[in-house]
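Going by our numbering, the sequence shown opens with residue 812, and the numbers climb by one from there.
Note that CB positions come from ideal geometry on N, CA and C, so glycine has one too.
Because the structure is a prediction, the values reported are computed rather than measured.
To keep things clear, I will list the structure first and then write my remarks on it.
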Amino acid sequence: MSQTILAELEILKQEVLACRRCRLRDGCQQVVFGEGRPGRLVIGEGPGAEEDRQGRPFVGAAGQLLDKILASGGFDRQVNAYIANVVKCRPPSNRVPTAQECATCLRHLEAQIKILKPKIVLLLGATALQAVLKTPQGITRLRGKWQERDGIYYMPTFHPAALLRDPRRKIDVWHDIQLLVAKYREVVDPNHTSPFC
Ligand code: SF4
């Protein structure tokens, strides 16, 4: 990661850590900014209990599954994936963040996108899909279909937490990861290798 990107991310991180724009900050232990490396951006909904405790995104059971999903496509959050959420503070009892909370926090995610300049973004679940692409359409309808906005390719797919609840959906995510790998080779790295596709 270039020093410029690192410096810009650090400035933004300090702003976000001090944010109190919505009531979610009152109920969480800490703000979860996001982490990883440029290359591909992965966006989830918001921190859960373990993420809130550790201050890192996707470190609970869903996070472990996400790591396996990324690995199946030859991706690693320490090497070529950056992971962030739509809301940076944990909603109480892990409820879905409201549309208003998402809209309030979105400025931070949009600033991250502006700094990271990803060519490919994986949107995990309906909250990420609807907040980032500003669409009312559901994840079941749009998953597996590329959405291009301002030169960035967005792939909506199911959230890993949904796969934990309903493993039958894993086959759909596997399909989406194959599309992701193909697009990654097309627009980022033609020599990208993955263990399964
Ligand atoms: S959820 Fe986002 S907007 Fe709300 S306080 Fe946390 S960082 Fe700020």
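So the beta strand (DSSP E) G855 belongs to, where does it begin and stop?
852-855
How far does the alpha helix (DSSP H) with T951 in it extend, from its first residue to its last?
950-953
Return helix, strand or coil for N1002, following the three-state DSSP convention.
coil
Quick one: grab the DSSP three-state call for N891.
coil
Among all residues, which have a Cβ less than 5 Å from at least one non-hydrogen atom of ligand 1, and in what chain order do they fall?
C830, R832, C833, L835, R836, V898, K899, C900, T915, C916
Let me confirm a value: F844 is counted as buried when at least 16 other C-beta atoms fall within 10 Å, else exposed. Which label applies?
buried
In the structure shown, what three-state DSSP assignment does R960 receive?
strand
Look up N905 in the DSSP assignment and give the residues it is bridged to.
According to DSSP, which records beta bridges pairwise, N905 is partnered with nothing at all.
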